[in-house]
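Novice: Have a look at the structure that comes next, please.
There are 2 protein chains.
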Amino acid sequence: MLNMPHPARATIVDVARAAGVSRQTVSNAINSPERVSPDTLSRVLQVVEELNYRPSSAARTLRHQRAGAVGTELNAVTGTPSEVALPFLTALTLAAPGHACHMVPFASREAFPMLSGYQDMVRRRLVDAFVLTDTHPADPRPDWLEQAGIPYASFGRIYDDSSRVWWADVDGSAGTSAAVAHLAETGFRTVGFLGWPAGSAVGDDRRLGWLAGVEQHGLALGPEAAAPQSLSQAISAAERLLDGLAVGDAVVCASDVLALGVQQAALARGWRPGRDIGITGFDGSATAQLHDISTLVQPLDEIAEHLLTVVHDQLAGAPAPTQGALFLPTLTVGASTVTTSMKGTP
Amino acid sequence: MLNMPHPARATIVDVARAAGVSRQTVSNAINSPERVSPDTLSRVLQVVEELNYRPSSAARTLRHQRAGAVGTELNAVTGTPSEVALPFLTALTLAAPGHACHMVPFASREAFPMLSGYQDMVRRRLVDAFVLTDTHPADPRPDWLEQAGIPYASFGRIYDDSSRVWWADVDGSAGTSAAVAHLAETGFRTVGFLGWPAGSAVGDDRRLGWLAGVEQHGLALGPEAAAPQSLSQAISAAERLLDGLAVGDAVVCASDVLALGVQQAALARGWRPGRDIGITGFDGSATAQLHDISTLVQPLDEIAEHLLTVVHDQLAGAPAPTQGALFLPTLTVGASTVTTSMKGTP
DNA sequence: ATCGTTCATTTGAACGTTCATAATGTGTCC
DNA sequence: GGACACATTATGAACGTTCAAATGAACGAT
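Protein chains in written order, with numbering that gives the first Met the number 0: chain A, 0 to 345; chain B, 0 to 345.
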């Protein structure tokens, strides 16, 4: 089996030879340029360019005892994957080079993740830390990882224990509150709410923002309803909700799929979204974009940046922050709250 | 800065000492068990378990001159990311351990990918090869990589040059043809088509399957229309299309979004999908699932498996295959072609 | 002239693994 | 009994990098 020869890759010794210096000087030129005299620096860097040298990450990992990589689990169980999973992974991947690391996804077909999967990756020195997603109340992973001494950061609050601070999340309440503000500005006067069945921490939070927003802007509190994250059930719930609303009212929703349900139910009874009824969703998902629904876009870039900082700090032994971090979503306006024929003050 | 001590990780020498053998014997016990006598083997493996030893991938990479990793680019440019991007990445990630490797995603905000990004990852020994996605006619990447001697495999045909064989794709024509067969079985007699504007290789392929299917099953050829991958434009095109169809007819679509457009247009004129009009989409995307549209699900697991085999073979210097590989999509039936009240023969 | 100080650079060692090869023991055949 | 084949285990070296410590040179201050 004649092994395909990799295109000749220059090593640090090749560069050293070509520049007439030692290994270490090349290493310094790259990692601590201030330690190298200006003329040797430029000479070395030029050779680096000529030979297209890049330090081997494997050798670095071996030497530093640090993989320079962060693992993250992809949900592979059949069912509805989170609508923001890919954009979030993309945000992490984009932010990683700024933290001198890269992402390593992993997945299993087991319904529930197992610690051993996480542990193995660390033991094999494939990753130093993890970014968790879809963290839910009673999620065992924060406990596991903490006891195993494995750094992590979670996208989504960690509910069990308020002493856990290694997370970042979207400020749902502020988001729906901002949605109500937008509806008020646009001219809607009564605002209802379509959420998830009570008990979901994320959903309850978003509901509170609706209540606060309606009060703060002196609007009329419309009815509320709940449905799970399924379009058909969202439509059913929306139909009941619309029975209690009139043309000119609005509905704030806890997710984009729920908002889509309201949109479909409205269309079914001939109400034009954005004109006859205002609808806002939550998450900034592709679904909202596709259906032109106003939605609260999660600041995934900021969150990814923050989470990588958090794991980096843990690896560096920096003191833990005092609390998790909340980030504000931003409203993206679609046709579901404003149409070309602007609503005037009646 | 007190560095957080990694939980003590056992090395191969620790295992060797504890088992009373040499490094190499431990290595053999793990990599070539047949070279080790049965009793030493079991003794060593037991110690491996006790100490929870896992070989350092960094040391292996350094020694083998092979990263054991495959890179893949995430499309980070704003716009509509492919609906199957995440499921496909998940499929790759699931298949990777079977090929003794892991995936490394990367991304940039540049509109067009640059070779240098790919080259750097190889030079840093972060990855050995790449899986390309969204390959389009005149895509420069296959050329680049081939000239740089970097192994790759593409999800999606490589159009420029039929001598390129390192790809796998979905058999679009067979897919739409199967969709027509399903519609025929279900009782539809006239079948139209909603595709993308002519010139898209993927779209043209899927259109041919519709034509062939209609002929093969002796159905009536309905009208056809085209729209880009945007819901509003799909709806407009679908409205024109439906004008030329009657209740009881069906439409095969080149994508799930287009199918959604037909569904929405049908609902708008009071036609019940699955009963009054049959609709099939393509891709098995979350959109189709959400809206309960019959769709042709891409066999992503098979494709991922195949692509990893392809890059592995290249790395091993195996002879190139004679052609790319096509995989059949499978039809998932939703409410858009069959409803609870089964269509009988009239 | 001698001694320290500082700066730029070099050298030896180590990170953990596996390849190539050597050493050891175990029979087998004449 | 000795030469040979074979199975099993052990040793040295190398992959490419960076840390810690050593060397050498230039410069003042004494």
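Glycine is no exception: its CB is placed at the ideal position from the N, C-alpha and C atoms.
(1) Measuring alpha carbon to alpha carbon, tell me which of B:186, B:20, B:243 ends up nearest residue 36 of chain B.
(2) Quick check: is the beta carbon of residue 281 of chain B nearer than 9 Å to any beta carbon in chain A?
(3) I'd like to know whether the C-beta of residue 288 of chain B is nearer than 9 Å to at least one C-beta of chain A.
(4) Note the first and the last residue of the continuous alpha helix (DSSP H) segment covering residue 227 of chain A.
(5) Short of 8 Å in beta carbon distance, which residues of its chain neighbour residue 176 of chain B, apart from the five on each side in sequence? Order them along the chain.
(6) By Cβ distance below 8 Å, which residues in the same chain neighbour residue 193 of chain A in space, the five residues on each side in sequence not counted?
(7) Figure out for me which residue from B:217, B:203, B:112, B:107 has the closest Cα to the Cα of residue 190 of chain B.
(8) Roughly how many whole angstroms lie between the Cα atoms of residue 348 of chain A and residue 231 of chain A?
(9) Between residue 74 of chain B and the rest of its own chain, which residues show a CB-CB distance below 6 Å, the 5 nearest in sequence each way excluded?
(10) Determine whether the beta carbon atoms of residue 337 of chain B and residue 293 of chain B lie at a separation below 9 Å.
(11) How many Å lie between residue 55 of chain A and residue 14 of chain A at the Cα?
(12) Taking 9 Å as the CB-CB cut-off, is residue 60 of chain B touching chain A?
(13) For residue 336 of chain A, does the three-state DSSP call read helix, strand or coil?
(14) Per DSSP, what kind of secondary structure is residue 136 of chain B in: helix, strand or coil?
(15) So, helix, strand or coil for residue 101 of chain A, using DSSP?
(16) Name the residue from A:169, A:170, A:155 whose alpha carbon lies nearest to the alpha carbon of residue 163 of chain A.
(17) Does chain A have any CB closer than 9 Å to the CB of residue 54 of chain B?
(18) For residue 356 of chain A versus residue 333 of chain A, is the C-beta distance shorter than 9 Å?
(19) Spatial neighbours of residue 152 of chain B within its chain, please: CB distance less than 6 Å, with the 5 preceding and 5 following residues excluded, ordered by chain position.
(20) Just confirm the distance between the C-beta atoms of residue 148 of chain A and residue 103 of chain A, as a whole number of angstroms; I'd bet it's less than 8 Å.
(21) Considering only their Cβ atoms, is the gap separating residue 139 of chain B from residue 160 of chain B smaller than 9 Å?
(22) Name the chain A residues that come within less than 7 Å of residue 89 of chain B, Cβ to Cβ?
(23) Considering only residues of the same chain and omitting the five flanking positions on each side of residue 17 of chain A, which have a CB-CB separation below 8 Å?
(24) Taking C-alpha atoms, which residue in A:279, A:143, A:76 lies nearest to residue 346 of chain B?
(25) Out of B:279, B:323, B:119, B:289, which has the shortest C-alpha to C-alpha gap to residue 168 of chain B?
(26) Suppose contacts are defined by Cβ-Cβ distances below 9 Å. Is residue 88 of chain A in contact with residue 88 of chain B by that definition?
(27) Compare the C-alpha of residue 196 of chain B against each of B:228, B:180, B:178 and name the closest.
(28) For residue 26 of chain A and residue 11 of chain A, I'd like the C-alpha separation in whole angstroms.
(29) So what's residue 109 of chain B in DSSP terms, helix, strand or just coil?
(30) Find the residues of chain B that neighbour residue 338 of chain A, judging by a C-beta separation of less than 7 Å, and give them in chain order.
(31) Residue 132 of chain A touches chain B at which residues, Cβ-Cβ below 9 Å?
(32) Please list the terminal residues of the continuous alpha helix (DSSP H) segment that includes residue 293 of chain B.
(33) How many whole angstroms separate the CB atoms of residue 295 of chain B and residue 202 of chain B, which I take to be in contact at a CB cut-off of 8 Å?
(34) Would you kindly report the start and end of the unbroken beta strand (DSSP E) that includes residue 72 of chain B?
(35) With a cut-off of 9 Å, does the C-beta of residue 79 of chain B fall near any C-beta of chain A?
(36) Using the C-alpha atoms, what's the distance from residue 244 of chain A back to residue 345 of chain A?
Specialist: Quick look at the numbers:
(1) B:20
(2) no
(3) yes
(4) First-last for residue 227 of chain A: undefined, no H or E at that position.
(5) 208, 209, 211, 212, 215
(6) 223, 224, 225, 226, 233, 236, 237, 240, 250, 251, 252, 253, 257, 258, 260, 261
(7) B:217
(8) This structure leaves residue 348 of chain A out entirely; chain A is present only between 0 and 345.
(9) 80
(10) yes
(11) 13 Å
(12) yes
(13) coil
(14) coil
(15) strand
(16) A:155
(17) yes
(18) No answer is possible for residue 356 of chain A: it lies beyond the span of chain A, which begins at 0 and ends at 345.
(19) 130, 165, 306, 309, 310
(20) So it is not a contact: roughly 19 Å between Cβ atoms.
(21) no
(22) 73, 75, 106
(23) 46, 49, 50
(24) What the structure shows of chain B is the stretch from 0 to 345, and residue 346 of chain B is not part of that stretch, so it cannot be assessed.
(25) B:323
(26) yes
(27) B:228
(28) 7 Å
(29) coil
(30) Result: empty, since nearest Cβ-Cβ is about 13 Å, beyond 7 Å.
(31) Those within 9 Å of residue 132 of chain A in chain B number zero; the least Cβ separation is about 12 Å.
(32) Per DSSP, residue 293 of chain B belongs to no alpha helix (DSSP H); it is in the beta strand (DSSP E), 293–296.
(33) Not confirmed; about 14 Å, so no contact.
(34) 68–72
(35) yes
(36) Note that residue 345 of chain A scores a pLDDT of 39, beneath 50, so its modelled location is shaky; the value from the coordinates is reported in the next line. Looking at the two C-alpha atoms, the distance is approximately 18 Å.
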